[in-house]
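Participant: Here it is: the structure, laid out below.
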Amino acid sequence: STVVLVFEAPTDFQFTVRDGQKIKVGEPLGDV
Amino acid sequence: LVNAWSQTPTKWYPLPIAVGALLLVVIQYRKRVGQKEVYVDEDGHEVVKLKGPWAVHVMGALPLRNLSRVWGYMNSLELPVWFRPTGLKVYAWIFGCNIDEVEKDLKEYKSLGDFFYRKLKDGSRPVADVILVSPADGRVLHFGTIKGGRVEQIKGSTYSLDALLGIETRQSSRTEVFFESGDMAEADHKHFADINGIEYSLHELLGTQVHNTPANSGTSTPVVESAPAPLTGASELAGAVKHGERTDASVPQEGSASEVVAHDASVATQMGIRPTLERRRSLSTASVKPGNALYFCVIYLAPGDYHRFHSPTAWVVEKRRHFVGDLFSVSPWMAKRLENLFVLNERVALLGRWKYGFFGMVPVGATNVGSIKINFDKDLRTNVGSRRGHPLGTYTEAVYSAASPILDGQPLLKAQEMGGFCLG
């Protein structure tokens with residue numbers, strides 16, 4: 190299954206993940 | 182090297198014509214591959230078709246939804262108590278589940294499906310102090326920005342909103358959900374890519390409904406604006422659920438109206454989200470605010486992963502759109518090969534807002550996990566009945582205004598459990 194997020198955020202928002210990275214609930218995805 | 186480069190004499194040879202012709206053929210072929218194949222119906226709308234190698238078409242011919250339901254039924258069969266610890270340990274070993282963080286004793290899980298939808302022990306998922314956290318265990322397939330219709334990092338093919346949704350958005354005077362129709366033209370180009378350049382239109386994934394489309398047009402699901410439900414019992418809500426009607430599916434909060442309002446006001450302040458009037462304007466006339474951009478992120482949950490999903494941030498879910506669709510596998514292998522996977526599969530688009538503007542979360546089902554559960558939406562049933570009566574792109578919609586009168590939606594805090602995927 191998959192979860193897709195689509196959201197509006199300030200342009201200085203940065204993803205803190207990499208393609209293919211394993212991740213768990215609560216772990217950082219991005220921040221401004 | 183410098184000497185070789187500068188002193189080697191340059192000799193010119195005539196290319197054989199055949200090689201030149203072959204080169205042109207290759208260039209033409211690559212250009213053609215890069216172009217989007219467009220299938221149109223009798224009205225000229227583009228219809229999204231199953232596109233990809235033969236393996237994809239073979240899968241397309243399989244009764245995936247029925248298979249999924251059979252799989253769900255098999256996994257709901259009760260296991261003998263003596264077998265559960267061993268059997269579930271073998272399952273966990275095969276799929277890489279971490280049994281140490283499972284909430285209950287293995288003996289207590291009646292079936293594999295029960296174990297699949299397991300809860301975790303408190304504290305096993307600490308929450309990071311950032312504005313956006315992962316909603317689920319899994320692997321980040323792809324993420325990026327949606328700017329002017331193109332994803333920054335990856336080329337890809339695009340989907341036409343008109344074709345997929347079968348809605349004449351161009352003549353629509355008003356688009357009810359996100360953008361003014363003027364923005365629609367701009368929104369048409371809001372695309373993002375999932376894997377290696379496969380792009381989707383924002384609206385194809387989340388759906389767009391034209392408010393004034395006549396119900397009998399056959400091209401779209403009629404949507405009826407329902408007044409926010411008073412604080413009533415669930416049965417009254419259940420009665421309101423009909424195909425094609427917008428209904429208020431949220432379960433109203435307990436307590437007197439003033440208590441609810443006070444609670445919501447504090448939640449609103451905590452989440453940094455302004456009260457309803459502001460929201461109403463923001464949703465129906467919203468376009469991306471200056472200084473903001475649209476982002477997307479796709480997370481794939483492998484069979485062994487913990488399959489409950491949580492709120493990635495503090496936001497208010499205002500409505501959900503349940504798209505009845507196929508149940509192709511969403512594994513990275515399939516996502517690379519099946520171009521329009523996420524707009525073909527069964528999915529629930531949860532739409533709302535957070536403090537920076539629009540926020541949407543779309544759990545997408547797959548062959549083995551066709552059932553999507555939303556904790557605060559008791560009426561949602563996915564993967565039931567055939568898909569025949571639901572043309573691609575149409576959806577049933579429900580609003581959650583009863584959950585919080587002030588916020589006009591279901592408020593969620595960061596990392597709060599929202600629901601999950603079940604087998605079958």
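If you read the protein sequences in the order shown, they are chains A and B.
So in our numbering the end of the first sequence lands on 221, straight run, no missing numbers.
So in our numbering the end of the second sequence lands on 605, straight run, no missing numbers.
Every residue, glycine too, gets a C-beta built ideally from N, C-alpha and C.
Bear in mind that the values here come from a model prediction, so they are computed numbers and not experimental data.
(1) Quick check on the burial criterion: 16 or more other C-beta atoms within 10 angstroms. Buried or exposed for P197 of chain B?
(2) Taking only beta-carbon atoms, is A317 of chain B less than 8 Å away from chain A?
(3) Relative to chain A, which residues along the stretch 487–500 of chain B have a C-beta separation below 9 Å, given in chain order?
(4) Between which two residues does the alpha helix (DSSP H) holding T690 of chain B run?
(5) Measure the C-alpha to C-alpha separation of P217 of chain A and R489 of chain B and round it to an integer number of angstroms.
(6) Which one of B:D286, B:S582 and B:A185 has the shortest CA to CA distance from W263 of chain B?
(7) For H323 of chain B, decide whether its Cβ has a neighbour in chain A, counting only Cβ atoms nearer than 8 Å.
(8) Using only CA atoms, which one of B:L482, B:V580, B:F602 and B:L258 lies nearest to K500 of chain B?
(9) So, for E278 of chain B: in the same chain, excluding its five sequence neighbours on each side, which residues have a beta-carbon less than 6 Å away from its beta-carbon?
(10) What residues from chain A crowd round R320 of chain B, counting only those whose CB sits closer than 8 Å?
(11) CA-CA distance, G506 of chain B and R528 of chain B?
(12) Identify every residue that forms a DSSP beta bridge with M255 of chain B.
(13) Is Q210 of chain A helix, strand or coil by DSSP?
(14) Less than 8 Å between the beta carbons of G533 of chain B and G605 of chain B, yes or no?
(15) According to DSSP, simplified to helix, strand and coil, what is A530 of chain B?
(16) 8 Å is my cut-off, CB to CB: does N256 of chain B come that close to chain A?
(17) Does the stretch 506–515 of chain B come close enough to the stretch 189–205 of chain B that 3 or more CB-CB pairs lie under 8 Å?
(18) Throw me the rounded Cβ distance for the K300 of chain B and E284 of chain B pair, which I believe falls under 8 Å.
(19) Is the Cβ of G546 of chain B closer than 8 Å to any Cβ of chain A?
(20) Taking the straight line between their C-alpha atoms, what separation do you get for L194 of chain A and I208 of chain B?
(21) Tell me which residue opens and which closes the beta strand (DSSP E) that D220 of chain A is part of.
(22) Could you give the DSSP three-state label for G600 of chain B: helix, strand or coil?
(23) By DSSP's criteria, P592 of chain B is part of a beta bridge. Which residues make up the other side?
(24) Cβ closer than 9 Å: which chain A residues qualify as neighbours of C478 of chain B?
(25) Comparing the C-beta of Y210 of chain B with each C-beta of chain A, is any distance below 8 Å?
(26) Report the rounded CA-to-CA distance for S512 of chain B versus Y272 of chain B, giving the unit in angstroms.
(27) My assumption, with CB atoms under 8 Å, is that T200 of chain A sits in contact with N473 of chain B. Please give the rounded CB distance.
(28) Give me the DSSP bridge partner(s) of D310 of chain B.
(29) State buried or exposed for H503 of chain B, treating a residue as buried only when at least 16 other CB atoms are found within 10 Å of its CB.
Facilitator: Here's the rundown:
(1) Here residue 197 of chain B is taken as the residue at index 16 of the second sequence, counted from 1. When all chains shown are included, P197 of chain B counts as exposed.
(2) As a first step, residue 317 of chain B is located in the second sequence; it is residue number 136 there, counting from the start. Yes, contact with chain A.
(3) Y487, H488, R489, F490, H491, P493, T494 and W496
(4) Outside the displayed span of chain B (182 to 605) sits residue 690 of chain B, for which this structure offers no information.
(5) Reading the first sequence from its first residue, position 28 is the one you call residue 217 of chain A. Reading the second sequence from its first residue, position 308 is the one you call residue 489 of chain B. Approximately 17 Å, taken between the alpha carbons.
(6) Here the question's residue 263 of chain B lines up with position 82 in the second sequence. Per the Cα distances, B:D286.
(7) Position 142 of the second sequence, counting from 1, holds the residue named residue 323 of chain B. Yes, contact with chain A.
(8) The sequence position of residue 500 of chain B within the second sequence is 319, counting from 1. Among B:L482, B:V580, B:F602 and B:L258, the Cα nearest to that of K500 of chain B belongs to B:V580.
(9) Along the second sequence, one-based indexing puts residue 278 of chain B at 97. For the sequence presented, residue 278 of chain B should be read as Cys rather than Glu. Once the five neighbours on either side are set aside, the close Cβ partners of C278 of chain B are G485.
(10) Taking the second sequence and counting its residues from 1, one reaches residue 320 of chain B at position 139. Ordered by position in chain A, the residues that pass the 8 Å Cβ test against R320 of chain B are G209, Q210, K211 and I212.
(11) Within the second sequence, numbered from 1, the residue matching residue 506 of chain B stands at position 325. Within the second sequence, numbered from 1, the residue matching residue 528 of chain B stands at position 347. Between G506 of chain B and R528 of chain B, the C-alpha separation is close to 7 Å.
(12) Here residue 255 of chain B refers to the residue found at position 74 when the second sequence is read from its first residue. DSSP output for M255 of chain B lists no bridge partner at all.
(13) Position 21 of the first sequence holds residue 210 of chain A. Looking at Q210 of chain A - three-state DSSP - the assignment turns out to be coil, as it is neither helix nor strand.
(14) What you label residue 533 of chain B is simply residue 352 of the second sequence in a count that begins at 1. What you label residue 605 of chain B is simply residue 424 of the second sequence in a count that begins at 1. Not in contact: G533 of chain B and G605 of chain B (Cβ atoms no closer than 8 Å).
(15) Within the second sequence, residue 530 of chain B is the residue found at index 349, counting from 1. It is a strand residue.
(16) In the second sequence, the residue the question calls residue 256 of chain B occupies position 75. No - not a single Cβ of chain A is within 8 Å of the one on N256 of chain B.
(17) no
(18) One-based indexing of the second sequence puts residue 300 of chain B at position 119. One-based indexing of the second sequence puts residue 284 of chain B at position 103. K300 of chain B to E284 of chain B, Cβ: 4 Å. Contact.
(19) Indexing the second sequence from 1 puts residue 546 of chain B at position 365. Judged by the 8 Å Cβ criterion, G546 of chain B is in contact with chain A.
(20) On the first sequence, residue 194 of chain A is found 5 positions in, with the first residue counted as 1. On the second sequence, residue 208 of chain B is found 27 positions in, with the first residue counted as 1. Each residue's Cα considered, the two are about 37 Å apart.
(21) Taking the first residue of the first sequence as position 1, residue 220 of chain A is located at position 31. Here the beta strand (DSSP E) through D220 of chain A covers P217 to D220.
(22) By 1-based counting over the second sequence, the position of residue 600 of chain B is 419. Here G600 of chain B sits in strand by DSSP.
(23) Within the second sequence, the letter at position 411 stands for residue 592 of chain B. P592 of chain B pairs with B:V497.
(24) To locate residue 478 of chain B, count along the second sequence from 1; it is residue 297. Correct list: V192, V193, L194, V195, F196, F204, V206, L218 and G219.
(25) Working through the second sequence from its first residue, we reach residue 210 of chain B at position 29. Not one chain A Cβ lies under 8 Å of Y210 of chain B.
(26) Residue mapping note: residue 512 of chain B aligns to position 331 of the second sequence, counting from 1. Residue mapping note: residue 272 of chain B aligns to position 91 of the second sequence, counting from 1. When rounded, the distance between both Cα atoms is 19 Å.
(27) The residue you call residue 200 of chain A lines up with position 11 of the first sequence. The residue you call residue 473 of chain B lines up with position 292 of the second sequence. Indeed, because the Cβ distance is near 7 Å, the residues count as touching under 8 Å.
(28) Position 129 of the second sequence, counted from the first residue, corresponds to residue 310 of chain B. DSSP output for D310 of chain B lists no bridge partner at all.
(29) Start at 1 with the first residue of the second sequence, and residue 503 of chain B comes out as number 322. By the 10 Å Cβ count, H503 of chain B comes out buried.
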